[in-house]
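These notes concern the structure reproduced below.
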Amino acid sequence: MTHSNLPQRDSGLLALMDNWPFTLGDVFRLTERPTLTAATRRGFPIDVIEEDKRYIIEASVPGINKDEIEVSLEDNNLTIQIRQGSKTEHSDKNYVCRERWSGIASRTVSLPFTSGEGDVEASLKDGVLTLVVNKAPEKQVKKISIK
304 MTHSNLPQRD
314 SGLLALMDNW
324 PFTLGDVFRL
334 TERPTLTAAT
344 RRGFPIDVIE
354 EDKRYIIEAS
364 VPGINKDEIE
374 VSLEDNNLTI
384 QIRQGSKTEH
394 SDKNYVCRER
404 WSGIASRTVS
414 LPFTSGEGDV
424 EASLKDGVLT
434 LVVNKAPEKQ
444 VKKISIK
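For the working numbering, count along the sequence shown from 1 and bump the result up by 303.
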């Protein structure tokens with residue numbers, strides 16, 4: 304078989320895909336990489352740990368006092384909101400870099416169950432807010448006797 308007899312690829316869309324910088328699998332792997340979302344750029348990172356009878360949520364909130372933190376529970380959504388006090392403006396200063404901020408940031412964790420307020424404990428130590436959410440007890444199956 305000579306070179307001229309080899310099957311030729313269509314030079315249209317398929318040729319464009321040959322030159323594409325990444326495959327379709329690469330596109331889906333992009334979602335696996337951590338990204339800087341608005342919550343993490345101007346917010347705070349959280350970890351959610353599942354144990355047998357509870358969930359533990361740890362939030363890094365360095366420099367935040369407990370008076371600046373609000374935790375709320377609505378249905379199965381647990382929300383952590385921090386209000387960083389406003390910093391004094393110094394308009395006469397020529398900032399080269401300014402990363403400290405003031406304002407509000409929040410994160411919401413959707414729990415796989417509805418929990419009551421009494422089932423959540425919160426503590427703040429060394430810049431880490433720890434929330435312990437007890438899991439709801441499993442409902443027992445009620446057997447009905449037939450008469």
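Backbone N, C-alpha and C fix where the C-beta goes; we use that ideal spot for every residue, glycine too. Computed from a predicted model, the values in this text were never measured in an experiment.
May I ask which residues mark the beginning and end of the beta strand (DSSP E) holding residue i?
i, result
"I385", "380 to 387"
"S409", "406 to 413"
"S363", "357 to 363"
Could you tell me the alpha carbon to alpha carbon distance between residue i and residue j, rounded to whole angstroms?
i, j, result
"V374", "I449", "48 Å"
"T338", "P348", "Summary for T338: the model assigns pLDDT 48, below 50, so the residue's position carries little reliability, and this model does not support an answer."
"V436", "R386", "23 Å"
"R336", "D395", "In this prediction, R336 scores a pLDDT of 48, lower than 50, which makes its location untrustworthy; the coordinate-derived value is nonetheless stated afterwards. Spanning the two alpha carbons is a distance of roughly 41 Å."
"K445", "L381", "31 Å"
Compute the distance between the beta-carbons of residue i and residue j, then report whether it is under 8 Å.
i, j, result
"T433", "I359", "yes"
"E361", "D350", "yes"
Establish whether the CB of residue i and some CB of chain B are separated by less than 8 Å.
i, result
"S363", "Absent from the structure: chain B. Only one protein chain is present."
Give the DSSP-derived three-state secondary structure of residue i in the structure shown.
i, result
"L376", "strand"
"E402", "coil"
"K369", "helix"
"T343", "Here T343 scores only 47 on pLDDT, less than 50, and its place in the model is too uncertain to base an answer on."
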